[in-house]
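Novice:
There are 2 protein chains.
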Amino acid sequence: MANQYVDLETLKFLLYKVHSVQDVLEQERYAEYDKDSIEMLLNSVKDFSDKELFPYFREMDEQPAHFKDGEIVVHPQVNKYMKAAGEMGFISGSFSYEDGGMQLPQMVLNASAFIQEAANNYLPGYVGLTVGSAELITHFGNKELNKTYVPKMLEGTWGGTMCLTEPQAGSSLSDIVTSATPDGDSYKINGQKIFISGGDYQGAENIVHLVLARIKGAPAGTKGISLFVVPKKRPTADGGLTPNDVTTVADFQKMGQRGYCTTHLFFGDKEDCTGWLVGEPNQGLKYMFLMMNGARIGVGRGAAAIATAAYHASLNYANERPQGRKLTSTGKKDANQEQTLIINHPDVRRMLLLQKAISEGSLSLIFLTAKYHDLSLASATAEEREKYRLLLEIMTPVVKTYPSEMGKTSVDNGVQVLGGYGFCSDYVLQQYLRDIRIFALYEGTTGIQSQDLLGRKVTMNNGEALKLLSVEISNSIQASMAHDSLAPYAKKLAAKLELTQDVLKSLMGFAMKGDYQRFLADATPFMEFFSNILMGWLWLDLAREAQNALVTGNKENSAEFYESKIHTMQFYFKYELPKTTGLAEILMDNKTALTIGTDKEVFV
Amino acid sequence: MANQYVDLETLKFLLYKVHSVQDVLEQERYAEYDKDSIEMLLNSVKDFSDKELFPYFREMDEQPAHFKDGEIVVHPQVNKYMKAAGEMGFISGSFSYEDGGMQLPQMVLNASAFIQEAANNYLPGYVGLTVGSAELITHFGNKELNKTYVPKMLEGTWGGTMCLTEPQAGSSLSDIVTSATPDGDSYKINGQKIFISGGDYQGAENIVHLVLARIKGAPAGTKGISLFVVPKKRPTADGGLTPNDVTTVADFQKMGQRGYCTTHLFFGDKEDCTGWLVGEPNQGLKYMFLMMNGARIGVGRGAAAIATAAYHASLNYANERPQGRKLTSTGKKDANQEQTLIINHPDVRRMLLLQKAISEGSLSLIFLTAKYHDLSLASATAEEREKYRLLLEIMTPVVKTYPSEMGKTSVDNGVQVLGGYGFCSDYVLQQYLRDIRIFALYEGTTGIQSQDLLGRKVTMNNGEALKLLSVEISNSIQASMAHDSLAPYAKKLAAKLELTQDVLKSLMGFAMKGDYQRFLADATPFMEFFSNILMGWLWLDLAREAQNALVTGNKENSAEFYESKIHTMQFYFKYELPKTTGLAEILMDNKTALTIGTDKEVFV
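Line by line, the protein sequences give chains U and C. For the record, in the first sequence the residue sitting at position 110 is 110 according to the working numbering, with numbers rising by one throughout. For the record, in the second sequence the residue sitting at position 167 is 1167 according to the working numbering, with numbers rising by one throughout.
#1: At 4 residues or longer, and completely inside the segment 1442-1508 of chain C: list those alpha helix (DSSP H) runs for me, N to C.
#2: In whole angstroms, what is the alpha-carbon distance linking Gly1086 of chain C and Pro1235 of chain C?
#3: Taking C-beta pairs closer than 9 Å, name the residues in chain C that Glu563 of chain U reaches, listed in chain order.
#4: Under 9 Å, CB to CB, which of the residues in the segment 1339-1366 of chain C have a partner in chain U?
#5: Which ranges does the alpha helix (DSSP H) cover as unbroken runs of at least 4 residues, wholly within the segment 136-166 of chain U, from first to last along the chain?
#6: When the Cβ atoms of the segment 135-147 of chain U are set against those of the segment 1293-1303 of chain C, are three or more pairs found closer than 8 Å?
#7: State buried or exposed for Pro64 of chain U, treating a residue as buried only when at least 16 other CB atoms are found within 10 Å of its CB.
#8: Nearest-angstrom Cα distance between Ala521 of chain U and Gly1156 of chain C?
#9: Could you tell me whether the Cβ of Lys1408 of chain C comes closer than 9 Å to any Cβ of chain U?
#10: Tell me whether Ala1335 of chain C sits in a helix, a strand or coil according to DSSP, three-state version.
#11: Check the Cβ of Phe1195 of chain C against every Cβ in chain U and list those closer than 8 Å, keeping chain order.
#12: Which residue marks the beginning of the alpha helix (DSSP H) containing Gly1414 of chain C, and which one marks its end?
#13: Apart from the five residues just before and just after Lys1457 of chain C, which ones in its own chain have a Cβ nearer than 7 Å to its Cβ?
#14: Considering only the beta carbon of each residue, do Asp374 of chain U and Gln106 of chain U sit closer than 9 Å?
#15: Enumerated in chain order, which unbroken segments of the beta strand (DSSP E) with a length of 3 residues or greater are wholly contained in the segment 1067-1100 of chain C?
#16: Which chain U residues are close to Ala1440 of chain C, counting only those with a beta carbon under 7 Å from its beta carbon?
#17: Asp185 of chain U CB to nearest chain B CB: under 9 Å?
#18: Over what stretch of residues does the alpha helix (DSSP H) that includes Gly240 of chain U continue unbroken?
#19: Residues of the segment 1228-1260 of chain C in Cβ contact with chain U at a cutoff of 9 Å, in chain order, please.
#20: Give the secondary structure of Gly256 of chain U by DSSP, where H, G and I count as helix, E and B as strand, and everything else as coil.
#21: Leaving out five residues on either side along the sequence, give the residues of the same chain with a beta carbon under 7 Å from the beta carbon of Gly1170 of chain C.
#22: Kindly indicate which three-state DSSP category Thr595 of chain U falls into: helix, strand or coil?
#23: Can a CB atom of chain U be found closer than 9 Å to the CB of Ala1511 of chain C?
#24: Looking at the strands, I want to know which residues DSSP matches up with Gly1191 of chain C.
#25: On the premise that Ser1112 of chain C lies in contact with Leu1042 of chain C, defined as a C-beta separation below 8 Å, what is that separation, rounded to the nearest angstrom?
#26: Which parts of the segment 270-313 of chain U are runs of the alpha helix (DSSP H), unbroken and 4 residues or longer, counting only runs that do not cross its ends?
#27: How would you write the range of the beta strand (DSSP E) that Ile1215 of chain C sits in, first residue to last?
#28: Give the DSSP bridge partners of Lys565 of chain U, in chain order.
#29: In chain U, what lies closer than 8 Å to Asn1336 of chain C by C-beta?
#30: In the DSSP assignment, find the alpha helix (DSSP H) that holds Ala584 of chain U and state where it starts and stops.
#31: Could you run through the segment 1095-1124 of chain C and flag, in chain order, every residue whose CB is less than 8 Å away from some CB of chain U?
#32: For Pro1578 of chain C, which residues in chain U fall below 9 Å Cβ to Cβ?
#33: Consider the Cβ of Ala1309 of chain C: report whether some Cβ of chain U lies at a distance smaller than 9 Å.
#34: Between which two residues does the beta strand (DSSP E) harbouring Phe1057 of chain C extend?
#35: Terminal residues of the continuous beta strand (DSSP E) containing Val1230 of chain C?
#36: According to DSSP, Ala250 of chain U sits in a beta bridge with which residue or residues?
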């Protein structure tokens, strides 16, 4: 049977070979795992996804989550999935043994989540936020909070959310006004939060909100924001639960991800909402951002998963749909010939190869960043941990953005492969296209990620992260030079590394002069440029691994499999990488600042 | 009040000044019109659109057209609009006086339709197909057909459709199997058609289908296709109407354009469906394609209209939404400052300017091509008419494709301007994003247009069309050289013209060798490259007109208006035109043919 939404063979090749999960498994923290146990886990996730996720994907879109009589009606599968996720360890996977977790590496957890999200990008969202909020409690909360909330969350009985956004503030978290008034050992919470994913759903026994709020008298801006646990129902002395004045006032209906609810919550409408401080006062944003790398990898992964599922849907269609004829050498077609399958038309192949290059490349990017994440936590020496922390920091905005932005392009091409059917609700492609649009907005928009990349990560520690990354890429180039067939591509990539230096030199001039606005004005095109080159590196690595296998006669995968990876690398180098030439021209054309100013007349 | 969906000042500047509609009005055919009458007409169209189109746009999406009990339920405004369109001459506009029409130039008709489509891209579709099918009858049908059908269609009482696509054939029209069996003076029609826009709607007195079918015994392929008038109800001897065995069996629900019905029709299910041949047998496809230039301009125009409306929606939001603060010179933000409007953030300005460049540029492209259309029909000499016919032919695939493809990018940026709200159903941006997706599929996909451009239009008449176009562009470059401030841009464009020659030389090598598949394999990237450069030309023209007005002290528009056009041209030359450098690199990297073949292993 054709792959319906994911290709496990490619996933495993990336995980085991290209990004050698073994390097991570060798760290003491992960001593209980080996390749066999990982393999078993991934196969069971795929089985589970086939049965419990993929079959509900279409109907969850057709019967969207919605607000009714003060609560959110969701598909019955949500509760079933949360319970199963608790049982199968999808929620506790990342937690330490001492916290009741499975202490799995991020690489493996990302592989597991990727498979699930490719099958159904709504259900795993409920788990994702429960994990994120429980992690905040285990990392920064006191024992009492841990004891009260975490076990119920890890077993999937209680859901969790992250409550950051407010209507007047949007991405500008320094303008949060939700208040926390000291009240004995706890606080009275008052305010409202919007865009709360998984914020409420019928059948959940309780929902634990991790809320950013400002303690009365706290400093202005981000320095005065604290983090609170605010449950929908608070525990009573007798071990029961009582309503905690958290009201679901509405939901947001959306163009996509309609199976995943987005809510508008009021806290303390009746002055009876209790919150418990997590960690120290005024450290809320810091805590939130310490968990942000993982969250942003998760966003990129979700987009990569949708792009992957869309690729398989398009590929299956193209393999079955006869239409048109091949051109003869004169450019004419012979109407008496049989129709050909559309996969034989070069333009269709080009679109499919683009989908393949983006979706497999994105997964490779996810694994690489997850590996940095693991090694930043679990490497043996502090020096190594710091090295991988810096690499994780610089890759995070890229891993969030590339799959989200290029994933849109990928799915858009997938729609085009189907022609008019791609636009029709009877086919799944339009659903993927609607779903993927949110990922460039989640957890910091592309503009915000791009400013993070150029304004913070590239320059952090005197450019140390960028230097470390350049060493990684240069090592890859060196290794590829050893293969005659790869050397031309390695040289191309080396030239692009030099081009990156030129571009940065041109942009850094503005930062040196103290003109930060000019420095960051083109951060988004820089992100496009930079991530395109990084993907060239990842494809070169992928092709080298395949080439090594061919040369050494490794039979774990077929020769066709290896050759197809090399072919896709060549496609990437021919059709994607050269775009950076034009982007560099854009980034170095700095005579005028056309996007800076407050002049409204520019838009007349 | 801010422009809600269209900026008439820019539209008129483009129509009157940049593309001098006067050149067309001076032709004998249009002698009855002058600038004042055009001005009056456009203002009344805008008034009408404000009242009868824009207010229904959101609800037509929320209550989509749908199939019920054998017919299509549409919004009540559909019938009201068809009647009004008949009365206001929206249907008869393009027809000659002798056919009961208004004999208006295409430039003006496109301006009128553009305003309407920006207000509501569903309702004008019903008119558009009625015009197209009535035009086929007036051009190629006999007197009897003209007398029976055209007057009712022009008054909006009877709708019209174009029935090309069949399930097994898709874009491959040579595989049409709908049959026509001679039966006295007429034919018995039997077959099915899919994707029929406006194919049926409650309340229409009759619907006149223009159907491609194959007369029994006709040659295979496109040479055996004839065109028939097949009404839903056929006229009876006593002047009444009787059902003609045309059955609506289903509709297609779609991700966008939900207010515009798409139907699946059966003809002759009970062997009682009569069709009347239009013109000669086996000439059907030729007739259809003689009307195709206008239809394809119409598709590009619809996309440009949506991109324009989305631009105004984003601009209005950005002008009203406070969020975040401006960067200080150190890169820090001062939380005690007031929030700034998001329009003051460079990244938001970049996205809005991109929307402006694409949407205004697309409208300019529409007017230019419509002008070629008008002059190809109405120029005084045969030589002139032939010149403009060739220019129309080469511009047609571009005018269909650029607004459809880049319009998607434009609206996507518009969604991003709104952040999370852009994804929410409460805001209109997501509706525009869903709607615009169909335009790259309508009337020949982007892949088909690209093959038409490179495989037919660039080479037609020994490259004569391309030569004529090059002369037009060179003239524009020369004229711009006269302005010191424009000369650097003129030089950049001249260099891009040379680059185009290099690219074509590289590609034509394959055609010369008889390798048409290789020649056309990269037709789509070539389209992107070629249309990007043509848009540079159009922006240079636009800026020159503005510069002329500034220099001569023309006060028809404000200085700010003219300066904003020059600013947008600079934006286009900085942020869009350089992309062609990378695209040229892609197009000239011809050592390997990565998208050609029938090897399925490539996708392993």
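Beta carbons are placed, not taken as given, at the ideal position from N, Cα and C, and that holds for glycine. Since the structure is predicted, the reported quantities are computational estimates derived from the model, not experimental observations.
Specialist: Reading from the atomic positions:
#1: You should have 1446-1451, 1460-1481.
#2: If I take the Cα positions, the gap works out to 21 Å.
#3: Identification of chain C residues near Glu563 of chain U by a Cβ-Cβ cut-off of 9 Å yields Glu1601, Val1602, Val1604, ordered along the chain.
#4: Answer in chain order: Gln1339, Thr1340, Leu1341, Ile1342, Ile1343, Asn1344, His1345, Pro1346, Asp1347, Val1348, Arg1349, Arg1350, Met1351, Leu1352, Leu1353, Lys1356.
#5: Taken in chain order, the unbroken stretches of alpha helix (DSSP H) that lie wholly in the segment 136-166 of chain U and span 4 residues or more are 143-154.
#6: Between the segment 135-147 of chain U and the segment 1293-1303 of chain C there are fewer than three C-beta pairs closer than 8 Å, too few to call the two in contact.
#7: Classification of Pro64 of chain U: buried, given that the 10 Å Cβ count is 16 or more.
#8: Straight-line Cα distance between these residues: approximately 52 Å.
#9: Using a Cβ-Cβ cut-off of 9 Å, Lys1408 of chain C counts as an interface residue toward chain U, since at least one Cβ of chain U sits closer than that to its own.
#10: Ala1335 of chain C: coil per DSSP, three-state reduction.
#11: For Phe1195 of chain C, the chain U residues whose C-beta falls within less than 8 Å of its own C-beta are Gly420, listed in chain order.
#12: Annotation for Gly1414 of chain C: the continuous alpha helix (DSSP H) segment containing it runs 1382-1417.
#13: Excluding sequence neighbours, Lys1457 of chain C sits near Glu1393, Ile1394, Pro1397, Ala1465.
#14: For Asp374 of chain U and Gln106 of chain U, yes; Cβs fall inside 9 Å.
#15: Within the segment 1067-1100 of chain C, complete beta strand (DSSP E) segments of at least 3 residues are found at 1071-1073, given in chain order.
#16: Ordered by position in chain U, the residues that pass the 7 Å Cβ test against Ala1440 of chain C are Gln416.
#17: In the displayed structure, chain B is absent; the protein chains listed are U and C.
#18: Taken as a continuous stretch (DSSP letters only), Gly240 of chain U belongs to no alpha helix (DSSP H), as it is neither H nor E.
#19: Phe1252, Gln1253, Lys1254, Met1255, Gly1256, Gln1257: these are the residues of the segment 1228-1260 of chain C whose beta carbon lies less than 9 Å from some beta carbon of chain U, given in chain order.
#20: Gly256 of chain U falls in the coil class under three-state DSSP.
#21: Excluding sequence neighbours, Gly1170 of chain C sits near nothing in its chain.
#22: In the three-state reduction of the DSSP assignment, Thr595 of chain U falls in the coil class, being assigned neither a helical nor a strand state.
#23: Yes - at least one Cβ of chain U is within 9 Å of the one on Ala1511 of chain C.
#24: In DSSP, Gly1191 of chain C forms a bridge with C:Phe1267.
#25: The beta-carbon separation of Leu1042 of chain C and Ser1112 of chain C, rounded to 7 Å, stays under the 8 Å limit for a contact.
#26: Fully enclosed alpha helix (DSSP H) runs of no fewer than 4 residues occupy 284-290 of the segment 270-313 of chain U, in order along the chain.
#27: Counting along the chain, Ile1215 of chain C sits inside the beta strand (DSSP E) bounded by residues 1206-1215.
#28: Per DSSP, none; premise fails for Lys565 of chain U.
#29: The contacting residues are Ala220, Gly221.
#30: Here the alpha helix (DSSP H) through Ala584 of chain U covers 579-588.
#31: Cβ contacts with chain U: none found.
#32: Correct list: Thr581, Gly582, Leu583, Ala584, Glu585, Ile586, Asp589.
#33: Not closer than 9 Å to any Cβ of chain U, the Cβ of Ala1309 of chain C fails to qualify, so no.
#34: Not the beta strand (DSSP E): Phe1057 of chain C falls in the alpha helix (DSSP H), residues 1057-1062.
#35: Boundaries of the beta strand (DSSP E) harbouring Val1230 of chain C: 1226-1231, taken from the DSSP string.
#36: According to DSSP, which records beta bridges pairwise, Ala250 of chain U is partnered with U:His264.
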